[in-house]
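Worksheet for the structure shown next.
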Amino acid sequence: MNPTTSAAWSALSTQAQALKTTHLRDIFQKDPTRAQRLTAKACGIYLDYSKNRVTDEVLAQLFKLAEDCKVQDHIKAMFAGEKINNTEKRAVLHTALRNLGETPVKVDGQDVIPAVREVRARTYAFAKRVRSGEWLGFTGKTITDVVNIGIGGSDLGPLMVVEALKPLADGPRLHFVSNVDSLHLKQTLKSLDPERTLFIVASKTFTTIETLTNARSAREWLLEAAKGDKSAIARHFVAVSTNKEKVSEFGIDLDNMFGFWDWVGGRYSLWSAIGLPIIVAFGPDRFDELLAGAYEMDQHFQTAPLTQNLPVLLGLLGVWYVDFLGSSSHVIAPYNQTLHRLPAFLQQLDMESNGKGVRADGSSVEYATGPVIWGEPGINGQHAYFQLLHQGTHLIPVDFILALAQPGQVDPHRKTLIASCLAQASALMNGKTEAEVQAEMRAKGSSEAQIAELLPHRVFKGNRPSSTMLLDELSPRSLGALIALYEHKVFVQGSVWGVNSFDQWGVELGKQLATGIEQRLGGNATEPAYDASTEALIRYVRNAKP
Ligand code: G6Q
2 MNPTTSAAWS ALSTQAQALK TTHLRDIFQK DPTRAQRLTA KACGIYLDYS
52 KNRVTDEVLA QLFKLAEDCK VQDHIKAMFA GEKINNTEKR AVLHTALRNL
102 GETPVKVDGQ DVIPAVREVR ARTYAFAKRV RSGEWLGFTG KTITDVVNIG
152 IGGSDLGPLM VVEALKPLAD GPRLHFVSNV DSLHLKQTLK SLDPERTLFI
202 VASKTFTTIE TLTNARSARE WLLEAAKGDK SAIARHFVAV STNKEKVSEF
252 GIDLDNMFGF WDWVGGRYSL WSAIGLPIIV AFGPDRFDEL LAGAYEMDQH
302 FQTAPLTQNL PVLLGLLGVW YVDFLGSSSH VIAPYNQTLH RLPAFLQQLD
352 MESNGKGVRA DGSSVEYATG PVIWGEPGIN GQHAYFQLLH QGTHLIPVDF
402 ILALAQPGQV DPHRKTLIAS CLAQASALMN GKTEAEVQAE MRAKGSSEAQ
452 IAELLPHRVF KGNRPSSTML LDELSPRSLG ALIALYEHKV FVQGSVWGVN
502 SFDQWGVELG KQLATGIEQR LGGNATEPAY DASTEALIRY VRNAKP
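Given below as structure tokens:
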């Protein structure tokens, strides 16, 4: 449906006008219970959303909007395996990959759970062989390094998780190659021993040019070491894909292929065999914990009332900023170093899912949809992009994400890390008034003239919103819950905006165009010409040094 037809939409527009001039400081002052009330906890994640520019009335209308947009019906439809990805006529069942329950989940009348578990058991058995040293390379040596070759959804998820849980790694070293710039592969292989290196070629379609190009170069690297003996490939290459024919065509033994299904979107696929690098790095038990955390969040999402439902809260707050307060971007600021790839992962998850300009029925939206998602570890951000958040002209809400502990680690810098995170959220909200700046400068002995000159530069208006998420610890379980939380947040927003969050025609276009241009770069004149600017660039590149 078109959300603007909901009465809640008009009510929110009116409330937004009033709130544009209301400061969060005043909202807090009027309501001493706010900091306790505007919080929720589930699956080891504590959410404080009190620093958002909302009142109880706004929240009530946002929940009403969710009801009018039938968010709860959409949730049911997704979990039930209905073909909600209407443009590709596919079910959306990444949740089935982590379903630890007993109820069947059917697509076209067929329960998908047995197949999910069967493939998972194969990935576990394979990973155990690699980890234990039973799986040997072509000269009989054990595997010390595993290189995942994939891009987008076949890279970012496993990479982010492998980084996030690094302190728990107890298997072979993991490497990720995504860029078709051959230096990425070359630099990765530089220190690796072909006799001890295993490649996972991860591609849902097995037609992605970057991945296949890198995989072919990796195969050459291996074959060079194996003196052309093609039987070495079976010891060093496995594939994760939905496309048996293409895997076989590439020369990978189908016994070494781990499948998944068209109802798993690339950016939602780390729970499938695409998670193989995670399983190899940490072992099946840790992967089980990751799945359990996500499953727990799935249960919470389906059953918690809207007012306590973490994905619903985050999703609706996002809608509020985008559509009513005119914000077009959103920052992800994790404070733990091992979460350093989380912003990139969430950028894909969110922007590829909700970067849409038409509703699922093809009609154009007349309101803003998915915001620009960006970020970096917050602690580095404080010394870089936070300036704009504090004093720039854009309204940019921030998600502060902080795990209070890393399993098995004692962090001597813990308090500094935590303090930095809390301080930034507080500073964004409170700002610094003229009186505070004057008092501070006077105390430091500044003259009245100096104060007058610098005052406008040193005042912080504040009123900059943020949510803070505290994880008890950065365990596989809570990480699983955190990822699922964001997947569902994106889903809630897509449901309100009425868009199909599960197709990606924009990404498909890029894939198509690159192939044609590559042919023209190679001098293939039968390929139709592109626009004048692109043709001029092609000519420039053809004349440049190779
Ligand atoms: C994810 C996207 C996209 C995709 C890559 C790789 O949702 O569709 O990022 O994952 O383009 O595609 P393959 O896995 O098919 O190589």
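The sequence shown begins at 2 in the numbering used here and counts up by one. Every residue, glycine too, gets a C-beta built ideally from N, C-alpha and C.
Measure the CB-CB distance between residue i and residue j and report whether it falls below 7 angstroms.
i	j	result
Leu-193	Asp-146	yes
Leu-184	Ala-282	no
Leu-471	Ser-479	no
Tyr-336	Ile-380	yes
Val-113	Leu-98	no
Lys-490	Gly-316	yes
Ser-7	Leu-66	yes
Leu-326	Ala-17	yes
Leu-277	Thr-124	yes
Go to residue i, then tell me how far its beta strand (DSSP E) extends in each direction, as first and last residue.
i	result
Met-258	258-260
Glu-146	The sequence shown places Asp at residue 146, not Glu. Start and end: 146-150.
Ile-380	Looking at the DSSP string, Ile-380 is not in any beta strand (DSSP E); the run it does join, the alpha helix (DSSP H), is 379-382.
His-331	330-335
Thr-469	467-472
Ala-240	238-242
Phe-177	174-178
Roughly how many whole angstroms lie between the Cα atoms of residue i and residue j?
i	j	result
Pro-486	Arg-220	Sequence check: residue 486 is Leu here, not Pro. Rounded to whole angstroms, Leu-486 to Arg-220 spans 38 angstroms at the Cα level.
Val-202	Asn-149	6 angstroms
Ser-242	Ser-204	5 angstroms
Ser-467	Val-108	39 angstroms
Tyr-296	Asn-100	6 angstroms
Gly-393	Leu-429	11 angstroms
Arg-26	Ala-334	22 angstroms
His-414	Leu-522	52 angstroms
Arg-121	Ala-274	7 angstroms
Val-162	Ser-179	16 angstroms
Ser-270	Trp-321	29 angstroms
Arg-54	Phe-461	17 angstroms
Gly-294	Gly-517	43 angstroms
Gly-158	Glu-536	36 angstroms
Gly-153	Thr-34	43 angstroms
Asp-324	His-395	14 angstroms
Thr-15	Leu-60	13 angstroms
Leu-311	Gln-439	41 angstroms
Leu-292	Tyr-541	50 angstroms
Gln-338	Ala-36	27 angstroms
Gly-356	Ser-496	13 angstroms
Leu-199	Lys-142	11 angstroms
Pro-306	Leu-510	40 angstroms
Asp-412	Ser-421	15 angstroms
Leu-169	Glu-119	26 angstroms
Examine the ligand GDP and report whether any of its heavy atoms sits within less than 6 angstroms of the Cβ of residue i.
i	result
Phe-283	Only the ligand G6Q can be found as ligands here, which leaves the ligand GDP out of the picture.
Looking at C-alpha atoms only, which residue of the options is the closest neighbour of residue i?
i	options	result
Asn-3	Phe-492, Ala-12, Lys-71 and Arg-35	Lys-71
Asn-86	Met-442, Pro-547 and Asp-362	Asp-362
Gln-425	Tyr-541, Leu-403 and Phe-325	Leu-403
Ala-226	Lys-245, Glu-58, Ala-9 and Phe-139	Phe-139
Asn-244	Met-258, Ser-502 and Ala-233	Met-258
Leu-340	Ala-92, Ala-165 and Gln-18	Ala-165
Glu-246	Ala-533, Thr-212, Phe-207 and Phe-387	Phe-207
Gly-267	Ile-234, Gln-349 and Ala-240	Gln-349
Glu-89	Ile-279, Lys-42, Asn-501 and Thr-40	Asn-501
Helix, strand or coil: which one does DSSP assign to residue i?
i	result
Asn-53	coil
Tyr-458	Note that residue 458 is His in the sequence shown here, rather than Tyr. In this structure, His-458 counts as helix in the three-state DSSP scheme.
Asp-351	helix
Ile-46	strand
Ala-404	strand
Val-108	strand
Leu-340	helix
Lys-205	coil
Arg-99	helix
Ile-374	strand
Arg-360	coil
Between which two residues does the alpha helix (DSSP H) harbouring residue i extend?
i	result
Thr-214	210-226
Phe-302	285-304
Ser-249	245-251
Ser-270	Where Ser-270 is concerned, there is no enclosing alpha helix (DSSP H), given that its DSSP letter is neither H nor E.
Arg-521	506-522
Arg-38	35-38
Asn-544	533-544
Ala-122	114-133
Val-72	72-80
Glu-1	With the chain represented from 2 up to 547, any question about residue 1 goes unanswered, as that position is not in the structure.
His-489	477-498
Lys-416	415-431
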